[in-house]
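Taken in sequence, the protein lines are chains A and B.
According to the working numbering, the stretch in the first sequence is residues 2 to 431, in order.
According to the working numbering, the stretch in the second sequence is residues 2 to 431, in order.
Here a beta-carbon is modelled for each residue, glycine too, at the ideal position from N, C-alpha and C.
These notes concern the structure reproduced below.
Protein chains: 2
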Amino acid sequence: MSNQIIQPRTLKGFRDFLPDDMRIREKVINTFKQEFEKYGYEPLETPVLEYADILMGKYGEEAEQLMYTFEDRGGRKVAMKYDVTVPAARVLAQYQNQLTLPFKRYQIQPVWRAENTQKGRLREFYQCDADTFGTDSIIAEAEFIQMGIEILKKLGFENFFAKINNRKIIDGITQYAGISKDQFASVCTTIDKLEKIGEDGVKKELEERKISNESITKIFEVISQKAESSLELLDKVSSILATIPEAQKGVEELRKILNLLKAGGIKETFYKVDLSIIRGLAYYTGPIWEFEVTGGNVGSVGSGGRYDKLVGLYVGKDIPAAGGSFGIERLIEIIKERNMISSDTQTTILVTIFSSDLLELSFKTANSLRSQGINTLLYPDENAKLDKQLKYANKKQIPYVVIIGPEEKANNKVKLKNMKTGEQKEITVV
Amino acid sequence: MSNQIIQPRTLKGFRDFLPDDMRIREKVINTFKQEFEKYGYEPLETPVLEYADILMGKYGEEAEQLMYTFEDRGGRKVAMKYDVTVPAARVLAQYQNQLTLPFKRYQIQPVWRAENTQKGRLREFYQCDADTFGTDSIIAEAEFIQMGIEILKKLGFENFFAKINNRKIIDGITQYAGISKDQFASVCTTIDKLEKIGEDGVKKELEERKISNESITKIFEVISQKAESSLELLDKVSSILATIPEAQKGVEELRKILNLLKAGGIKETFYKVDLSIIRGLAYYTGPIWEFEVTGGNVGSVGSGGRYDKLVGLYVGKDIPAAGGSFGIERLIEIIKERNMISSDTQTTILVTIFSSDLLELSFKTANSLRSQGINTLLYPDENAKLDKQLKYANKKQIPYVVIIGPEEKANNKVKLKNMKTGEQKEITVV
Chain A
2 MSNQIIQPRT LKGFRDFLPD DMRIREKVIN TFKQEFEKYG YEPLETPVLE YADILMGKYG
62 EEAEQLMYTF EDRGGRKVAM KYDVTVPAAR VLAQYQNQLT LPFKRYQIQP VWRAENTQKG
122 RLREFYQCDA DTFGTDSIIA EAEFIQMGIE ILKKLGFENF FAKINNRKII DGITQYAGIS
182 KDQFASVCTT IDKLEKIGED GVKKELEERK ISNESITKIF EVISQKAESS LELLDKVSSI
242 LATIPEAQKG VEELRKILNL LKAGGIKETF YKVDLSIIRG LAYYTGPIWE FEVTGGNVGS
302 VGSGGRYDKL VGLYVGKDIP AAGGSFGIER LIEIIKERNM ISSDTQTTIL VTIFSSDLLE
362 LSFKTANSLR SQGINTLLYP DENAKLDKQL KYANKKQIPY VVIIGPEEKA NNKVKLKNMK
422 TGEQKEITVV
Chain B
2 MSNQIIQPRT LKGFRDFLPD DMRIREKVIN TFKQEFEKYG YEPLETPVLE YADILMGKYG
62 EEAEQLMYTF EDRGGRKVAM KYDVTVPAAR VLAQYQNQLT LPFKRYQIQP VWRAENTQKG
122 RLREFYQCDA DTFGTDSIIA EAEFIQMGIE ILKKLGFENF FAKINNRKII DGITQYAGIS
182 KDQFASVCTT IDKLEKIGED GVKKELEERK ISNESITKIF EVISQKAESS LELLDKVSSI
242 LATIPEAQKG VEELRKILNL LKAGGIKETF YKVDLSIIRG LAYYTGPIWE FEVTGGNVGS
302 VGSGGRYDKL VGLYVGKDIP AAGGSFGIER LIEIIKERNM ISSDTQTTIL VTIFSSDLLE
362 LSFKTANSLR SQGINTLLYP DENAKLDKQL KYANKKQIPY VVIIGPEEKA NNKVKLKNMK
422 TGEQKEITVV
């Protein structure tokens, strides 16, 4: 390699975050952290590498093919984090004696997937999850939905809502329609497309999947119900599925969630029951939800639900769990597109250096400003012309510049220049 | 795998950070971020995986053997981040047109090394770096040393200091002592042990390395100089090495740094010139430094220096650079051992649920508290006995508990209990 230049480049699907990006990311991440902590979720971090068998315990073959796995130098089969849910379940099992249940944790960390980047998919991206372990109460679900609404508001979104459903109602609908176990998964996958391909599209696809007309009619008898409110919709569904205990239980859970959201003073424009959302079939066991930002073809920016069976894989006994994930990368993209958060530099003042013999004075002044809590950049070259330093401040969009020349030195003052207005005034820095 | 439990475990050298750990880590990391930004360093993050040839450009064979490398699913040879300096150099080359020089960046991210864990070494740990690219002025060095001192103070340390040296002086000393190029590295390695094995130890090892007595005497003529102050020490060294221009240049650089630190009002107890510190030989080209916390066998908690040749490997032309790394993992360990930062929960109030029919009232109360900015945990189970909920608050060390029973409901009040003193009072939550 010797004298050859090493070609600088990034792997496809991986990104560098330069300062402008970082500032927006950090503001978004800090909003999540603050809100998670406001709701009593506690921070957790797990390693990037895990024993491969631990990460592969839960996922299907498809996921395993997307996992970054390799043999480490000790011959262990290891894998890079695929999501943050399985590591959290592993932690719950491993530190059973140390962690008190119920345990609410949040985790904001990158994960890796060997996705096809031609579709614009990322191979490294952050996940942002919050979950409650060790309770079967729908308080966990209601609080998460409420928190999600609050977070989206805090981030500056106005038009969005949570779509809420329940796996138990989905099971009830398919039972009611006489769908066999074999057909269950493909029927659900098709129903999930309702918003995308419309009622006719779903009907057509169900026909193609050899679902009887009678079954299709029964499915739509339920999922196309309309009502003034979500509670009313639940009443209708409840009466259609009156003979199916599973569905009744699911309706009752959603009623409780809706009542809590109402008690919490959340406006009904922010949430609604939507019987067509399905989410991960192998995973969820109760209420499920999706957050959708309206306008600009954005779609889902968060989702979650109850999954009472996962943790048991590691603990050996079921530990009920409910929570979800925010699509933090997608949210950041929208926030950038819509200029919702400023990427302005965090530096308030550039202290220039008039000449090398006045360096110590500038150094001292920069220090005084910092000790007053002001983010201050001292131009790091005492031989640069003042003009170059001022241009630098403009390029970096630093709002103020301090100049200390011989005159200012003599008067024991410094010149403070507002780079936007050009206004200058002499001030004393102690 | 089916019904078998997946054994929960972590790879050796990798760690989970449970909430108590996380809270301390976050406080430490936030202190670094705030101080870095106070000095005008900007945030940067780079991917975990890079093309292996990029990461291997700089390091010797030893490092390559410690690197986590593998072939990805596309047959590319990739490696996990080994440090954050090389990725920063790569970024500088890759985004030359986008980044304005001088560029000050900080980077706080995990790195991976396939270390021998039997020596207690970690395989995944955070690095915490700040560097200034694009200036050859010693302002970069002086500011970093000053910032390091400020950060250690902010973290709560009182007894620590920076040891400062210059590669140019080391070169000068070895020239003065007539050390050949072949012997240079091994002589430096031995001198670096001065504090550890003492003067006699170093002399003995140099003899073993076949260094002549005359050379050893000359080395010690310089490095065993004592003086009242660091500036005085530099005067003495300067006159001994009067005929060696390289050394004169090195002395002059350190003089400037010391003068700036003095101008900045930093107490001299916090820094001193120490001619025995060496640092990475293949890497640094000018001033170098180490931060040492005294007491408790702690040793170095940070280091850095000027390295004007690294970035050129990626850019094709030299870009001067100076900066360093804080041993954030070691600092966190000391902070925990010495109880310098509390790991107390961030939750201020637990709102209990008196009975399931009073759930909505508790839910509403928790919301009101949160909207007032109070971190509030609603006990996530409406069927738990009050006593269990109070015990939970104690176990989690949540300082306050709110109780809302039928009586409180009737009076439109809630009971607020201080869990430390047992004191209770009725308050109104709107």
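When the five nearest sequence neighbours on each side are left out, the beta carbons in the same chain lying within less than 8 Å of the beta carbon of I336/A are those of I25, V29, L156, G157 and I342, in order along the chain.
Shown here is that no member of the stretch 157-187 of chain A has a Cβ falling below 7 Å from a Cβ of chain B. In the DSSP annotation of this structure, the continuous segment of the beta strand (DSSP E) that includes P111/B starts and ends at F104 to W113. Taken residue by residue, none of the stretch 407-427 of chain B has a beta-carbon sitting less than 9 Å from a beta-carbon on chain A.
Under DSSP, Q425/A takes part in a beta bridge, and its partners are K418/A. Remark: C-beta atoms of G287/B and N368/A do not approach each other more closely than 8 Å. Not a single C-beta of chain B is nearer than 8 Å to the C-beta of N395/A. For V238/A, the enclosing alpha helix (DSSP H) has its first and last residue at S231 to I241. By DSSP's assignment, I404/B forms a beta bridge with K416/B. In this structure, V92/A lies near L45/A, with their beta-carbon atoms less than 8 Å apart. Using a Cβ distance threshold of 8 Å, I7/A and D54/B count as a contacting pair.
Taken in chain order, the members of the stretch 71-96 of chain A whose beta-carbon sits within less than 9 Å of a beta-carbon on chain B are F71, E72, D73, R74, G75, R77, V79, M81, P88, A90, R91, V92, L93, A94, Q95 and Y96. Contacts between G199/A and chain B, judged by CB atoms closer than 7 Å, are missing: the closest CB pair is about 37 Å apart. Approximately 7 Å separates the beta-carbon atoms of S363/A and T353/A; this is inside 8 Å, confirming the contact. At a beta-carbon threshold of 8 Å, the residues of chain A lying near L19/B are L45, V92, Y96, Q99 and L100, ordered along the chain. At the C-beta level, F162/A and F71/B stay beyond 8 Å of one another. In the three-state scheme derived from DSSP, where H, G and I count as helix and E and B as strand, D132/A is classed as strand.
Not a single CB atom of chain A sits nearer than 8 Å to the CB of K120/B. Within chain B, E43 and P44 have C-beta atoms less than 9 Å from the C-beta of R24/A, given in sequence order. In terms of Cβ geometry, M420/A and V403/A do not form a close pair [threshold 8 Å]. Identification of chain B residues near K365/A by a Cβ-Cβ cut-off of 8 Å yields A264, G265 and G266, ordered along the chain. The secondary-structure analysis by DSSP pairs V79/B across a beta bridge with Y52/B and F71/B.
At a Cβ-Cβ threshold of 8 Å, T191/B and V203/B count as neighbours.
Across the stretch 376-400 of chain B, CB contacts with chain A closer than 9 Å involve N376, T377, L378, L379, Y380, P381, D382, E383, N384, A385, Y393, K396, K397 and I399, in sequence order along the chain. Closest option to G41/B, judged by alpha-carbon separation, among I375/A, G76/A, A89/A and F221/A: I375/A. Taking the beta carbon of Q347/B as reference, the chain A residues within 8 Å of it are E38 and E43, listed in sequence order. The three-state secondary structure of P44/B, taken from DSSP, is strand. Under DSSP, the beta-bridge partners assigned to F292/A are A163/A and G303/A.
With a cutoff of 8 Å on beta-carbon distance, T346/B and K397/B are scored as near each other. Along the stretch 303-370 of chain B, the beta strand (DSSP E) occurs as fully enclosed runs of 3 or more residues at 322-327 and 350-352, listed in sequence order. By the Cβ neighbour-count rule, P407/A is exposed, with fewer than 16 other Cβ atoms within 10 Å of its own. With contact defined as three or more Cβ pairs closer than 8 Å, the stretch 225-236 of chain B and the stretch 257-276 of chain B are in contact.
The Cβ atoms of E247/A and D309/A lie no closer than 8 Å to each other.
Looking from the CA of Y83/B, the closest CA among G303/B, M57/B, G75/B and E36/B belongs to M57/B.
With a contact defined as Cβ atoms closer than 8 Å, S344/A and D21/A qualify at about 4 Å.
Judged by DSSP in its simplified three-state form, F126/A adopts strand.
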